[in-house]
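Positions in the sequence shown are counted from 1; adding 10 to them yields my numbering.
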Amino acid sequence: MGIQKPKRLFSADIFFFPLAAFFAATIIPAWLMVLQGWISLPNHHWHGHEMLFGYGLAVVCGYLVNRVSLLSLSILLLSWISARLGASNLLNIGVLSILPSLIFVGFAVYLIAPPFMKAAKKPENKVFAPLFIAMGICEFIYQLGEINVLPSDISPFILLITVDLFSLLLFLMGGRILAPAIAGHFYRKGYFLEARVQPKIERTAIVIIITMVFFDFIPKAEIISGLLAFGAAIAIMIRIFRWKVWGIVDEPYLWIPVLGYIWLALGFCLKGWIQMTTNPFPIIDGIHGVTIGALGTLTLAIMVRTRLQRSKQRLEDFKDIKQAALLISLAALLRLAIPLVPSYTMVLLWFSALAWCIAFIFLFCKLIQISYKDLNPS
């Protein structure tokens, strides 16, 4: 009998990270072209859905889907591409255009959730699998709204819940990356960081955010939800302070994800303020602190860090993307400034989009460079 060769397994990051970066660089300018009437795309919620389920979930797949067969990776990749075309009404197959999105999200959850179910022992780790399943349910409900099986006005509500879920994911994944990295940085300098993962704070914040999601489901419970958002922000800031982040400002591979974590706290604060006060700002404006500042910065950091580590390259090369991280913060600030100066809405939108676009083009080029060095180490 011949010796059977071991099946070759693949990681999704080498494909999904560059695709996600390129997609992020193009989707926001495309959305502004829709607002200007230059091109036509499906509906008002298209760009929000695509940033979460197109960009955000692509990064999640790149980070968490590894050691899979070529067939599984191909299905995931082709369904993601088809889903983006279907969401943009480019497939011309009527109600069937929602199928690629459902296949992509469903298959992603199928690949990601079970390993967490098997491996999770601590309560805080048992959150991951239900979190990804909840994202899949949100996509299913959103798509039913798209084909009018459910009321179409369910879309913004479901996207708000999805932002809440991504906020929880960013809190969990950001903390798991930052705690050991910052502790290791101090250790190499001869110091010992006592506050690392901070499980009590982590568990408290998890309960607060999940409760916030629950109250976001309930009509006229905005004040309670807003109060919980403030609670989540306080927990995050305590965690950041206890990491002694003033000691890591010389290391871009640390301060960039910390900046994203700070944006997550600011995003929760904005959401809480809007929900608790009778102000004229819609909630959609406030959540851009999370969707641009936190999601943009943390995913940028995760993609570069992951590719550098998996290709066994130096984290010192992280410094090349610090300008991109600052551009994302600029994009977030410009977008959040719109309610303050509504007469300059389109100007601020375009400058915000420009900053975002340049940042992700920069990221795309960096990811290609990392892959090139990996293939040509000499």
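By construction, the Cβ of each residue, glycine as well, lies at the ideal position given by its N, Cα and C atoms. Here the structure is a predicted model, which means the values were calculated and not measured.
For GLY96, the closest C-alpha among the options LEU238, HIS59, LEU141 and LEU343 is that of HIS59. Straight across, the Cα-Cα distance linking ALA144 with PHE25 is about 25 Å. Of PRO209, PRO387 and ALA215, the smallest CA-CA separation from LEU318 is found for PRO387. Annotated three-state conformation of PHE126 is helix, per DSSP.
Pairwise C-beta distances place the stretch 367 to 377 in contact with the stretch 327 to 337, as three or more of them are shorter than 8 Å. Around the C-beta of SER79, fewer than 16 other C-beta atoms lie within 10 Å, and the residue is accordingly described as exposed. In the DSSP assignment, TRP56 falls within the unbroken alpha helix (DSSP H) covering 56 to 59.
If the five residues before and after LEU340 are omitted, its C-beta is found closer than 7 Å to the C-beta atoms of ALA365, all from its own chain and listed in chain order. Taking the CA atoms as reference points, ILE234 sits about 19 Å from LEU274. Taking C-beta atoms under 8 Å as the contact rule, ILE348 and ALA311 fail to qualify, at a distance of about 26 Å.
Among the bridge pairs identified by DSSP, PHE20 is matched with VAL78. 9 Å or more divides the Cβ of ALA342 from the Cβ of LEU264. For the pair of segments examined, the stretch 116 to 128 was found not to touch the stretch 154 to 168: the number of CB pairs separated by less than 8 Å stays below three.
The straight-line gap separating the alpha-carbon atoms of LYS199 and ALA243 is approximately 30 Å. In this structure, the beta-carbon distance from LEU325 to TRP253 does not fall below 9 Å. Rounded to whole angstroms, the separation of the alpha carbons of LEU280 and TRP41 is 24 Å. Look at VAL259 here: in three-state DSSP terms it is coil, with no helix or strand label. From the listed residues SER92, LEU373, ILE168 and ARG18, the smallest Cα separation to THR307 is found for LEU373.
Here LEU29 is near LEU87, since their CB atoms are less than 9 Å apart. With three or more CB-CB distances shorter than 8 Å, the stretch 168 to 177 counts as touching the stretch 139 to 155.
DSSP, read as helix, strand or coil, puts GLN319 in helix. Annotation for PHE291: ILE284 and PRO349 place their beta carbon closer than 8 Å to its own, counting only its chain and skipping 5 residues before and after. Distance from the CA atom of ILE108 to the CA atom of LEU100, rounded to whole angstroms, is 12 Å. In this structure, the straight-line span from the alpha carbon of LEU178 to that of THR221 is close to 11 Å. Bounds of the alpha helix (DSSP H) holding VAL223 are 209 to 226. Annotation: the continuous alpha helix (DSSP H) that includes ALA193 extends over 164 to 198. Residues LEU318 of the same chain have their beta carbon placed closer than 7 Å to that of ASP327, with the five preceding and five following residues left out of the count. Looking only at SER321, PHE227, VAL351 and ILE331, the smallest Cα-Cα distance to LYS383 is reached by SER321. The alpha-carbon separation between ILE246 and GLY47 amounts to approximately 40 Å. In the three-state DSSP reduction, VAL351 falls in the coil class, being neither helix nor strand. Taking a contact as a CB-CB distance under 8 Å, the pair LEU62 and VAL217 does not count as one, their CB atoms being some 23 Å apart. The beta carbon of GLY282 is closer than 6 Å to those of GLY236, ALA239 and PHE240 in its chain, skipping five residues each way along the sequence. By alpha-carbon distance to VAL69, the top candidate from PRO352, MET356, LEU106 and VAL314 is VAL314. Within its own chain, the residues whose Cβ lies closer than 8 Å to the Cβ of ILE378, once the five positions on either side in sequence are excluded, are PRO28, listed in chain order. Between PHE33 and LEU67, the CB-CB gap reaches or exceeds 9 Å. In the structure shown, the three-state DSSP call for ALA311 is helix.
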